[in-house]
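Number 51 in our numbering belongs to position 48 of the sequence shown; there are no gaps in the numbering.
Below: the structure, in structure tokens.
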Amino acid sequence: MFIQTESTPNPATLKFLPGQAVLEAGTADFLTPEAAAVSPLATRLFAVAGVRGVFFGNDFVTVTKDDATEWDHIKPALLGAIMEHYQSGQPVMQGEAAPAGHTDHDHGEDSEIVSQIKQLLDTRVRPAVAQDGGDITFHGFERGVVYLHMQGACAGCPSSTLTLKMGIENLLRHYIPEVTEVRPVAA
4 MFIQTESTPN
14 PATLKFLPGQ
24 AVLEAGTADF
34 LTPEAAAVSP
44 LATRLFAVAG
54 VRGVFFGNDF
64 VTVTKDDATE
74 WDHIKPALLG
84 AIMEHYQSGQ
94 PVMQGEAAPA
104 GHTDHDHGED
114 SEIVSQIKQL
124 LDTRVRPAVA
134 QDGGDITFHG
144 FERGVVYLHM
154 QGACAGCPSS
164 TLTLKMGIEN
174 LLRHYIPEVT
184 EVRPVAA
């Protein structure tokens with residue numbers, strides 16, 4: 004098994020590509036070892052000292068480290084943990100995990116606008132963000148403001164504000180005049 008690694012715009016996060024499916028649908032974001040209990044793979048990764056977060060996409064895993072840990076020190080252990088997991092035959096997730104993507108807070112006359120926002124996020128934004136090892140989930144639309152949650156490599160990334168404001172906000176405002184601003188939300 005050959006696992007590729009890629010850097011991400013977030014220097015604290017590294018993207019691992021195991022060459023096979025990680026999640027069949029959606030994404031999974033683990034911010035603590037306790038939250039990772041539903042995933043044998045995430046549990047293995049959190050067992051490596053210095054790991055602060057784990058995120059799964061369709062064909063990738065991103066790992067976020069703490070500031071005191073150097074990639075040179077933990078990257079071999081992370082590669083080993085991923086390889087051991089896939090060789091063990093265990094599932095990535097225990098039971099049925101709900102795929103992430105959208106949190107529905109749409110109702111009333113805004114529902115058509117919300118549908119347009121979600122479509123643009125799914126077709127234009129999420130694929131690009133996934134290439135950087137992250138995801139963006141929709142959390143609401145109220146009085147012209149779109150609320151989004153950044154996950155994986157995007158969470159805590161130094162360029163995340165620029166991505167939201169210059170990239171996503173400009174895209175949404177261009178196609179949907181009712182959108183006036185994009186704001187991040189915490190998990």
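We put the beta carbon where it would ideally sit given N, CA and C, even for glycine.
If only complete runs of 3 or more residues are kept, the stretch 70-155 shows the beta strand (DSSP E) at 137-145, 148-155, in order along the chain. Closest by C-alpha distance to Q90, out of P43, A52, I120, is P43. Contact holds between the stretch 156-175 and the stretch 125-137, because three or more Cβ pairs, one in each stretch, are under 8 Å apart. Sequence-distant partners of I116 (beyond 5 residues in either direction) whose C-beta falls short of 7 Å from its own C-beta, in its chain, are F144, I179, E181. Under the DSSP assignment, A45 falls outside any beta strand (DSSP E), being part of the alpha helix (DSSP H) whose first and last residues are 43-49. By alpha-carbon distance to G60, the top candidate from Q119, P21, G92 is P21. Linking T30 to F58 through their CA atoms gives a straight-line distance of about 7 Å. Residue environment: T183 is assigned as exposed (fewer than 16 neighbouring CB atoms within 10 Å of its CB, all protein chains considered). Look at S162 here: in three-state DSSP terms it is coil, with no helix or strand label.
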